[in-house]
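Same order as they appear, the protein sequences are chains A and B. Per the numbering used here, the first sequence starts with residue 132, numbered consecutively. Per the numbering used here, the second sequence starts with residue 132, numbered consecutively. See structure below.
Protein chains: 2
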Amino acid sequence: MEQKKQRAAQWFEELRDIICAEFEKIESEDVNNTAPKGRFERKAWQRTDEHNPTGDTNGGGGEISLMYGRVFEKVGVNISTVHGYFSPEFRKQIPGGEESDGQFWASGISLVAHMKNPHVPAVHMNTRMIVTSQHWFGGGMDLTPALPKTEDTNAWHEANKACCERHGDVVDYQDLKDWCARYFFLPHRGEERGIGGTFYDQLNTGDWEKDFAFTQDVGRTFIDSFPKIVRRNMFEAYTEEDHAKLLEKRGRYVEFNLLHDRGTKFGLMTGGNTEGILMSMPPEATWLKKPEGMMPVNDFLKKAA
Amino acid sequence: MEQKKQRAAQWFEELRDIICAEFEKIESEDVNNTAPKGRFERKAWQRTDEHNPTGDTNGGGGEISLMYGRVFEKVGVNISTVHGYFSPEFRKQIPGGEESDGQFWASGISLVAHMKNPHVPAVHMNTRMIVTSQHWFGGGMDLTPALPKTEDTNAWHEANKACCERHGDVVDYQDLKDWCARYFFLPHRGEERGIGGTFYDQLNTGDWEKDFAFTQDVGRTFIDSFPKIVRRNMFEAYTEEDHAKLLEKRGRYVEFNLLHDRGTKFGLMTGGNTEGILMSMPPEATWLKKPEGMMPVNDFLKKAA
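Listed below in structure tokens is the structure:
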């Protein structure tokens, strides 16, 4: 298991480097843009473990990579490899948490990109490996266009479908697609956050090599498919109205992440790294849309009378 | 009790009218502003009661008043008078909820104003009366300046203090001030949302007239003190940097309301009026601040080596 942990953690770091390099390359390609090209900045953080019965507080840590660019208005890529003991309450909620006396190890990569051009969708990708007395993988990727385009939507779902089908003995594409649609849903709006993609959790088929190969392929599929969507749309002209739609859509993104996202809520409630967790917040968002049916007060009173 | 309910509901409506008139007056006073003066629009909504054992779905309703102005960038004033039956799970959490078999009545006013000029603080005010097998008042008001000014902070706290002291046999000012500071706190940021004010709940001294008189005075204190702060600051010049601070502060406001505010969470999770509840969202907010200690990746790698 130690070797498996090491290979997973190494892969998440390698994937981070591939993604950051590709995103910086895209920034450089926007040659007619007078704004400076974006470059990632980085920061390390340590996790304090508060529930280790020996009093050891070393809980691992992570690295935040963040870029404010001219194509990527704001993109954060977090990797982390943490370990220690879950709190007594939390270990009950996690598979194998009680059997391991709360001891856990977790490593993963998490990415959110908010794009400058409203024609380029926002994207989220995350993969992780968790170990308690059990072990499993989880993750997925989903796309949030403000101005959905059939070509991009189809390409995104096709790439995810092909990835899942390459690992047909590990996952079922339709399951992961449905799970994604159910998860990224705002019940108070009756809306999905975006157009979905894939979502999986507690993946353990009994063959770690196969599960890991699938998890790696999720990352490779991301880096193969998302940049194509960016390059197809990043030069497209947009209006003020398009930009206003982007900012309203980002308001929904904020609502989902703060009201519903398990990772965000769990992280913030249990003393996680606030900066890393809230890197998913958009650079700018609006709540400007009037509810339907609002009318000048005089008209309202006349209608009521 | 029926008469008391009617008097409370009538007061909340009267207070709404006083507030809307005063805010529109302020909009008109910004005479050198080339933007059009704001005027409130209004909309009524009905609540569907889903837990009435007789199947009656009439659950009361409310009115949303909303203004996008040149002084008040976005201000929402909600009044509502609702009744019906709490869900079996919820009635356990509410005083007197089980004894009334879930039956309740509630009336209140709730207001959030986000101001155009970063020198004018955002404000929140809410008062309500609730009836189950018990009955009580709750509410309060708090101020959120992006650029705090001692004169305003002092005036705000003085007004709240004087109000509480006029009702010394009903409330204790320091209690309400401390409660407010505890409630409007973002643990994941280690920050208060603003500079506080007053917060009270489950107020029932046994003398309904006195409790109601205090609740009315909270509203009158609001309309006496907040407009003065607006008029003192609304003409002050501000820089782009000031405006950027306002937008970051509003990001914190969003975090508090979606992560922590009981009313928002409860309302959204139980099928409340989404439009009314989320009227508290600022017109525009940003998450642009870099975490401290971020550095160019090359410097990061050199430092790590």
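Ideal placement from N, C-alpha and C gives every residue a C-beta, glycine not left out. Everything numeric in this text was worked out from a predicted model, so none of it was measured.
Taking only beta-carbon atoms, is G191 of chain A less than 7 Å away from chain B? Looking up residue 191 of chain A in the first sequence gives position 60. Not closer than 7 Å to any Cβ of chain B, the Cβ of G191 of chain A fails to qualify, so no.
In the DSSP assignment, the alpha helix (DSSP H) including E289 of chain A goes from what residue to what residue? As a position in the first sequence, residue 289 of chain A is number 158, starting the count at 1. Residues 281-296.
Can you find a C-beta in chain B that's less than 7 Å from the C-beta of G227 of chain A? Reading the first sequence from its first residue, position 96 is the one you call residue 227 of chain A. Not an interface residue.
Start and end of the alpha helix (DSSP H) containing V361 of chain A? Working through the first sequence from its first residue, we reach residue 361 of chain A at position 230. Where V361 of chain A is concerned, the enclosing alpha helix (DSSP H) stretches over 339-364.
When burial is assigned at 16 or more other CB atoms within 10 Å of the CB, is N224 of chain B buried or exposed? Indexing the second sequence from 1 puts residue 224 of chain B at position 93. In the sequence under discussion, the amino acid at residue 224 of chain B is Gln, which differs from the Asn named in the question. So Q224 of chain B ends up on the exposed side.
Name the residue from B:G239, B:H245, B:R351 whose alpha carbon lies nearest to the alpha carbon of H214 of chain B. Walking along the second sequence from the start, residue 214 of chain B turns up at place 83. That would be B:G239, whose Cα lies nearest to the Cα of H214 of chain B.
Contact set between E158 of chain A and chain B, taken where Cβ atoms lie within less than 7 Å: Position 27 of the first sequence, counted from the first residue, corresponds to residue 158 of chain A. The premise fails here: E158 of chain A is roughly 13 Å from chain B at the closest Cβ pair, so nothing lies under 7 Å.
Please determine if the stretch 264-274 of chain B and the stretch 343-356 of chain B are in contact, where contact requires at least 3 C-beta pairs separated by less than 8 Å. yes
Just list the alpha helix (DSSP H) runs in the stretch 160-210 of chain B, keeping only unbroken ones of 4 residues or longer that don't cross its boundaries, in chain order. none
Local Cβ density within 10 Å of N364 of chain A, reported as buried at 16 or more and exposed below that: Here residue 364 of chain A is taken as the residue at index 233 of the first sequence, counted from 1. N364 of chain A should be labelled buried.
Please work out which residues of its chain come closer than 6 Å, Cβ to Cβ, to K174 of chain B, disregarding the five sequence neighbours upstream and downstream, and give them in chain order. Walking along the second sequence from the start, residue 174 of chain B turns up at place 43. I195.
Ordered along the chain, which non-local residues of its own chain (more than five positions away) have a Cβ less than 6 Å from that of Y216 of chain B? Against the second sequence, residue 216 of chain B aligns to sequence position 85. Closer than 6 Å at Cβ, skipping near neighbours: H182, N183, G233, Q234.
Per-residue contacts from P167 of chain A into chain B (C-beta, under 8 Å): Numbered from 1 along the first sequence, position 36 holds the residue referred to as residue 167 of chain A. None at all; the shortest Cβ gap to chain B is about 13 Å.
Please list the residues of the stretch 415-428 of chain A that have a C-beta atom closer than 9 Å to any C-beta atom in chain B, keeping them in chain order. E415, A416, T417, W418, L419, K421, P422, E423, G424, M425, M426, P427, V428
Cβ pair count under 8 Å reaching 3, the stretch 160-180 of chain A against the stretch 192-207 of chain A: yes
Counting beta carbon pairs with one atom in the stretch 379-394 of chain B and one in the stretch 287-300 of chain B, are three or more of them shorter than 8 Å? no
How many Å lie between G299 of chain B and I210 of chain A at the Cα? Numbered from 1 along the second sequence, position 168 holds the residue referred to as residue 299 of chain B. Numbered from 1 along the first sequence, position 79 holds the residue referred to as residue 210 of chain A. Cα to Cα, the separation comes out at about 55 Å.
Using beta-carbon positions only, say whether L444 of chain B and H250 of chain B come within less than 7 Å of one another. Residue 444 of chain B is absent from the structure shown; chain B starts at 132 and stops at 436.
What do you reckon, is the C-beta of P226 of chain A under 6 Å from a heavy atom of the ligand GTP? By its list of ligands, the structure shown contains no ligand whatsoever, and the ligand GTP lies outside what it can speak to.
Taking buried to mean at least 16 other C-beta atoms within 10 Å of its own C-beta, is D283 of chain A buried or exposed? Translated into positions along the first sequence, residue 283 of chain A becomes position 152. Classification of D283 of chain A: buried, given that the 10 Å Cβ count is 16 or more.
State the start and end residues of the unbroken beta strand (DSSP E) segment that holds Q234 of chain A. Numbered from its first residue, the first sequence carries residue 234 of chain A at position 103. Start and end: 234-246.
Any 3 or more C-beta pairs closer than 8 Å across the stretch 135-150 of chain B and the stretch 251-265 of chain B: yes
Nearest-angstrom Cα distance between V349 of chain B and S218 of chain A? For the purposes of this step, residue 349 of chain B is taken as the residue at position 218 of the second sequence. For the purposes of this step, residue 218 of chain A is taken as the residue at position 87 of the first sequence. If you take the alpha carbons of V349 of chain B and S218 of chain A, they lie about 42 Å apart.
How big is the Cα-Cα spacing for V208 of chain A and P414 of chain B? Position 77 of the first sequence, counted from the start, is the residue given in the question as residue 208 of chain A. Position 283 of the second sequence, counted from the start, is the residue given in the question as residue 414 of chain B. Straight-line Cα distance between these residues: approximately 28 Å.
Taking 7 Å as the cut-off, decide whether the C-beta atoms of R302 of chain B and C295 of chain B are in contact. In the second sequence, counting from the first residue as 1, residue 302 of chain B sits at position 171. In the second sequence, counting from the first residue as 1, residue 295 of chain B sits at position 164. Contrary to the premise, residue 302 of chain B reads as Val rather than Arg in this sequence. Cβ atoms of V302 of chain B and C295 of chain B: closer than 7 Å.
Going along chain B in order, which residues have a C-beta closer than 9 Å to the C-beta of H319 of chain A? Counting from 1 along the first sequence, the entry for residue 319 of chain A is found at position 188. Correct list: G398, L399, M400, G402, G403, T405, I408, L409.
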